[in-house]
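K.L.:
Just passing along the structure, written as structure tokens.
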Ligand SMILES: Nc1ncnc2c1ncn2[C@@H]1O[C@H](COP(=O)(O)OP(=O)(O)O)[C@@H](O)[C@H]1O
Ligand SMILES: [Mg+2]
């Protein structure tokens, strides 16, 4: 773990700006100047009878406005702890969390509650109030904010329409399916006009089709309302489908982070390879002979490409190895093909592949 | 004894029993409900963790609960006289009834509130609720069916205590059964007073469990 002295400064947000006095931090902000959420050197330790569990170890992440930021990891990696440290359902042991430049860990009382209202949360187990109707669940955040009843009821109707449950206003949560419950939870989370939505395994209790519809709803909320979504999952498909950025947690440490495309294409960490189902000896396999590495980044469909390349270039292709995944009908991964013998054939094949939108590079045995 | 003699006797005793039970229950709940809430929210890991206060309250409640009512009645004699003006009588015994019942009620309330799922409380916290909002809009409403069930049990317990209150000159059905019935061997008085007491317990129990079921929207 880095010591405080060794902390790398986040390049996007100079430390001076973030550590400005509270008055300055409360000035109207120029949109986009400060990251929506910045986590710095976050550490969380749980005391247990025989010592302590380090749930989070020196995590630093930056989430920008409008991101759908995925956090993925195996069970017990510290995902829930991380997201719960953002709104302080869990108290971090060390480190800092900034929301729009304001230090969340320095807040208490009314300021903390106000910040919590800006970062709504949904849960795997929905956590609806079972003795309240759907409409009264959605009205809860408005009630505690003191919104007049008439205005609140109007907003509730609007939100139920948004999540497609206006018919269920008078039902109790126990009368709903899992997917419907999560929709109510989403409507409730949106009631207080949050800027951020924290989702802790929001689809993990749902079947694949329902998962799909909830993910689409989250995406729509992100696009239409401009809400920054932080999404925790242990499923790769969820990340691929709606996230633009991803962080991989492994045993409480940040294994890697970046844009989804980048992390997926150039998976560096062992945890990432495990999650993406890439066998360590398959990935970036050393070429046994001079070869061309063809990278499929999801932009092109897989199968017809190689036959088209062969046809159009007139060069025979000898596949040495391939490790390609189908995700959402797109191909991701790499293929090694033997390097054509003549320079002309080499050039023709490379040009054709590149024209088809693939990334190609020559590799030579070490 | 004829019915015309027995009837007014039973009626008066029934009224006294209801009077003692209702007042003792109301006052005991006025003390036990807040205490039960406090026992829950001050727990470690709950919304207002105060482990020391919680431990002190817990020990005190357990101490009070461990004293049998009939002993409490005797122990409190001087205090009851000071508080109620007299140590004996139907109104005076309300004081020892309350002292015996409120720690019991506090524990009943505590166990009802502990049934409320932690996830709901966390959801409420994540929405920026104050602790008071969590207590009054989440903890108590979500626990209503269980609280009602607990109230039915608590009230029948107080009802049973009132029968013992005859030892301190409290009236009611218990006193009628023991003093008039058993001691001077009027068995018809004893049996009819006892039956009425049993019927009262049954009615409260049945109403309690009906209300519990009717109020619960968790299962459908
Ligand atoms: N309240 C707690 N007390 C002790 N250990 C905990 C507690 N909560 C979580 N942990 C531990 O912290 C680690 C991370 O947990 P969590 O954040 O829930 O993981 P994830 O959500 O990725 O499955 C695990 O090893 C877990 O056992
Ligand atoms: Mg988790």
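Protein chains in written order, with our numbering: chain A, 23 to 388; chain B, 736 to 955. Every residue, glycine too, gets a C-beta built ideally from N, C-alpha and C.
1. Give the list of continuous alpha helix (DSSP H) stretches no shorter than 4 residues that lie fully inside the region 748 to 809 of chain B.
2. For residue 359 of chain A, which residues in the same chain have their Cβ closer than 7 Å to its Cβ, ignoring the five residues on either side in sequence?
3. Starting from residue 78 of chain A and walking both ways along the beta strand (DSSP E), at which residues does that stretch end?
4. Please classify residue 172 of chain A: is it buried, with 16 or more other beta-carbons within 10 angstroms of its beta-carbon, or exposed?
5. When you compare each of A:252, A:283, A:263, A:374 to residue 93 of chain A by their alpha carbons, which one comes out closest?
6. Looking at the structure shown, is residue 389 of chain A part of a helix, part of a strand, or coil, going by DSSP?
7. Using only CA atoms, which one of B:798, B:827, B:793 lies nearest to residue 902 of chain B?
8. Measuring CB atoms only, is the region 79 to 97 of chain A touching the region 147 to 165 of chain A, in the sense that at least three cross pairs come out at less than 8 Å?
9. In the DSSP assignment, the alpha helix (DSSP H) including residue 887 of chain B goes from what residue to what residue?
10. For residue 378 of chain A, which of A:362, A:335, A:364 has the nearest alpha-carbon?
11. Listing by chain order, which chain B residues have their CB less than 8 Å from the CB of residue 58 of chain A?
12. Starting from the Cα of residue 81 of chain A, find the closest Cα among A:278, A:288, A:221, A:318 and give me that residue.
13. Between the C-alpha atoms of residue 799 of chain B and residue 766 of chain B, what's the straight-line distance to the nearest angstrom?
14. Strictly under 8 Å for the Cβ-Cβ distance: is residue 953 of chain B near chain A by that measure?
15. Which one or two residues does DSSP pair with residue 474 of chain A in a beta bridge?
16. Label residue 153 of chain A either buried or exposed according to how many other C-beta atoms from any shown protein chain fall within 10 Å of its C-beta, with 16 as the threshold for buried.
17. Let me know the secondary structure DSSP gives residue 823 of chain B once reduced to three states.
18. List, in chain order, every chain A residue whose beta-carbon is nearer than 7 Å to that of residue 873 of chain B.
19. Are the region 196 to 204 of chain A and the region 63 to 76 of chain A touching by the rule of at least three beta carbon pairs closer than 8 Å?
20. So what's residue 286 of chain A in DSSP terms, helix, strand or just coil?
21. How far does the beta strand (DSSP E) with residue 61 of chain A in it extend, from its first residue to its last?
22. Which same chain residues end up closer than 7 Å to residue 127 of chain A when comparing Cβ atoms and leaving out the 5 residues on each side of it in sequence?
23. Quickly, what does DSSP pair residue 933 of chain B with across the bridge? List them, please.
24. In whole angstroms, what separates the C-alpha of residue 327 of chain A from that of residue 367 of chain A?
25. Distance cutoff 8 Å, beta carbons only. Does residue 706 of chain B sit that close to anything in chain A?
26. Nearest to residue 883 of chain B by alpha carbon, out of B:803, B:864, B:940, B:739?
27. Work out the CA separation of residue 811 of chain B and residue 818 of chain B for me, nearest whole Å.
28. Nearer than 7 Å: is that true of the beta carbon of residue 764 of chain B relative to any heavy atom of ligand 1?
29. Classify residue 107 of chain A as helix, strand or coil using the three-state DSSP reduction.
30. Have a look at residue 802 of chain B and residue 841 of chain B and give me their C-alpha separation to the nearest angstrom.
31. In terms of residue numbering, what span does the beta strand (DSSP E) encompassing residue 117 of chain A cover?
32. Is the CB-CB distance between residue 65 of chain A and residue 112 of chain A below 8 Å?
33. Can you pull the chain A residues whose beta carbon is under 8 Å from the beta carbon of residue 763 of chain B, in chain order?
34. Is residue 68 of chain A near ligand 1, judged by its Cβ being under 7 Å from some heavy atom?
35. Please decide whether residue 204 of chain A counts as near chain B, where near means a Cβ-Cβ distance under 8 Å.
36. Could you tell me whether the Cβ of residue 813 of chain B comes closer than 8 Å to any Cβ of chain A?
P.N.:
Judging by the given coordinates:
1. 786 to 800
2. Walking along the first chain from the start, residue 359 of chain A turns up at place 337. Once the five neighbours on either side are set aside, the close Cβ partners of residue 359 of chain A are 313, 314, 316, 339, 340, 341, 342.
3. The residue you call residue 78 of chain A lines up with position 56 of the first chain. Taken as a continuous stretch (DSSP letters only), the beta strand (DSSP E) holding residue 78 of chain A covers 73 to 85.
4. Counting from one through the first chain, the residue named residue 172 of chain A turns up at place 150. Classification for residue 172 of chain A: exposed.
5. Numbered from its first residue, the first chain carries residue 93 of chain A at position 71. Closest option to residue 93 of chain A, Cα to Cα, is A:252.
6. Past the boundaries of the shown model lies residue 389 of chain A; chain A is included only from 23 to 388, so the question cannot be answered.
7. Along the second chain, one-based indexing puts residue 902 of chain B at 167. That would be B:827, whose Cα lies nearest to the Cα of residue 902 of chain B.
8. no
9. Numbered from 1 along the second chain, position 152 holds the residue referred to as residue 887 of chain B. Looking at the DSSP string, the run of the alpha helix (DSSP H) that includes residue 887 of chain B is 875 to 899.
10. On the first chain, residue 378 of chain A is found 356 positions in, with the first residue counted as 1. Considering only alpha carbons, the answer is A:335.
11. Numbered from 1 along the first chain, position 36 holds the residue referred to as residue 58 of chain A. Under the 8 Å cutoff, chain B gives no residues; its nearest Cβ is about 17 Å from residue 58 of chain A.
12. Reading the first chain from its first residue, position 59 is the one you call residue 81 of chain A. Comparing Cα-Cα distances from residue 81 of chain A to each of A:278, A:288, A:221, A:318, the minimum goes to A:278.
13. Locating residue 799 of chain B in the second chain gives position 64, where the first residue counts as 1. Locating residue 766 of chain B in the second chain gives position 31, where the first residue counts as 1. Cα to Cα, the separation comes out at about 14 Å.
14. In the second chain, residue 953 of chain B corresponds to position 218, counting from 1. It does; some Cβ of chain A falls within 8 Å.
15. In the structure as shown, chain A starts at 23 and stops at 388, and residue 474 of chain A therefore has no counterpart that could be examined.
16. What you label residue 153 of chain A is simply residue 131 of the first chain in a count that begins at 1. Its Cβ being crowded by 16 or more others within 10 Å, residue 153 of chain A is buried.
17. If you number the second chain from 1, residue 823 of chain B lands on position 88. Three-state DSSP puts residue 823 of chain B in coil, outside helix and strand.
18. Residue 873 of chain B sits at position 138 when you count from the first residue of the second chain. 151, listed in chain order.
19. no
20. On the first chain, position 264 is the one that residue 286 of chain A refers to. If DSSP states are grouped into helix, strand and coil, residue 286 of chain A belongs with the helices.
21. Working through the first chain from its first residue, we reach residue 61 of chain A at position 39. Start and end: 59 to 70.
22. For the purposes of this step, residue 127 of chain A is taken as the residue at position 105 of the first chain. 114, 118, 119.
23. Looking up residue 933 of chain B in the second chain gives position 198. Looking at the DSSP assignment, residue 933 of chain B forms no beta bridge with any residue, so it has no partner.
24. Locating residue 327 of chain A in the first chain gives position 305, where the first residue counts as 1. Locating residue 367 of chain A in the first chain gives position 345, where the first residue counts as 1. Cα-Cα distance, rounded: 17 Å.
25. It is not possible to answer for residue 706 of chain B, since the shown part of chain B is limited to 736 through 955.
26. Residue numbering aside, residue 883 of chain B sits at position 148 when the second chain is read from its first letter. When only C-alpha atoms are compared, the closest one is B:940.
27. Counting from one through the second chain, the residue named residue 818 of chain B turns up at place 83. Counting from one through the second chain, the residue named residue 811 of chain B turns up at place 76. Approximately 10 Å between the Cα atoms of the pair.
28. On the second chain, position 29 is the one that residue 764 of chain B refers to. Flag unset: Cβ of residue 764 of chain B not near ligand 1.
29. As a first step, residue 107 of chain A must be located in the first chain, where it is residue number 85. Residue 107 of chain A falls in the helix class under three-state DSSP.
30. Residue mapping note: residue 802 of chain B aligns to position 67 of the second chain, counting from 1. Residue mapping note: residue 841 of chain B aligns to position 106 of the second chain, counting from 1. Cα to Cα, residue 802 of chain B sits roughly 15 Å from residue 841 of chain B.
31. Residue numbering aside, residue 117 of chain A sits at position 95 when the first chain is read from its first letter. Taken as a continuous stretch (DSSP letters only), the beta strand (DSSP E) holding residue 117 of chain A covers 116 to 121.
32. As a position in the first chain, residue 65 of chain A is number 43, starting the count at 1. As a position in the first chain, residue 112 of chain A is number 90, starting the count at 1. No. Outside cutoff.
33. Indexing the second chain from 1 puts residue 763 of chain B at position 28. The contacting residues do not exist; residue 763 of chain B stays about 25 Å from chain A at best.
34. Residue numbering aside, residue 68 of chain A sits at position 46 when the first chain is read from its first letter. Correct: residue 68 of chain A has its Cβ closer than 7 Å to ligand 1.
35. Counting from 1 along the first chain, the entry for residue 204 of chain A is found at position 182. By this cut-off, residue 204 of chain A is not an interface position.
36. Working through the second chain from its first residue, we reach residue 813 of chain B at position 78. Not closer than 8 Å to any Cβ of chain A, the Cβ of residue 813 of chain B fails to qualify, so no.
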